[in-house]
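One structure is given below, encoded as structure tokens.
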Amino acid sequence: MSVGSLYQYYPNRDALLAAVLAKHLEWVAEAVEQACARHRQVPVAEMAAGLVTALVAAKLRDQGASKALYAIAGERGGAQLVARINTRMVAAIAAMLETAPDAHFEAPILTAGISLSAIVGPVRTLLEGNASPTFEAGLEQQTTLLLRAYLQAHGGPAALKA
């Protein structure tokens, strides 16, 4: 595709970057929604592992692009787009949590929001260049452990026995 063709559809750099950011975030949201659909009706430990694996893989699929998009996400309407996508992912996570056979969540939307933040925080640390190689190597395993413990502790006595 030529530069002229790009400007035919995106009249300026900001519009082009906003479109790239939107496409990236849509892809991440779809990965989370698919993982949540696949992990319904399983113990919370499996939910945690599936969610972390999917979200980390989606965010780190192209680290260079993800780093660049994090740098511009606060601009060009990115904050509103991120908020909309986060709401969508939280809804998918909450719907998954409500099917856990080994736990009951009094406030699944709140639990889902905290869960999403618990995964995104370490990923953001990595993408912002504030992580050691050891941090990067242990990211998925340690984040899964963190989320599993949170969900099991927060899901009630049945989840702790699993």
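Note that the UniProt record's numbering has the sequence shown beginning at 1, numbered continuously upward. Beta carbons: idealized from backbone N, C-alpha and C, even for Gly. Fair warning: this is a prediction, and the values are worked out from it, not measured in the lab.
query: What separation, rounded to the nearest whole angstrom, lies between the Cα atoms of M47 and A137?
result: 21 angstroms
- request: Note down, one range per segment and in chain order, each alpha helix (DSSP H) of at least 4 residues found wholly within the segment 103-150.
  value: 108-127
query: Just to confirm, are L81 and A118 a CB contact at a threshold of 8 angstroms?
result: no
query: The alpha helix (DSSP H) spanning N86 covers which residue range?
result: G78 to L97
- prompt: Taking three-plus beta-carbon pairs below 8 angstroms as touching, is the segment 26-34 in contact with the segment 127-136?
  reply: no
- prompt: When DSSP labels each residue in this structure, what does D62 get in the three-state scheme?
  reply: coil
message: Assuming Q34 is part of the alpha helix (DSSP H), what are its boundary residues?
response: R13 to R38
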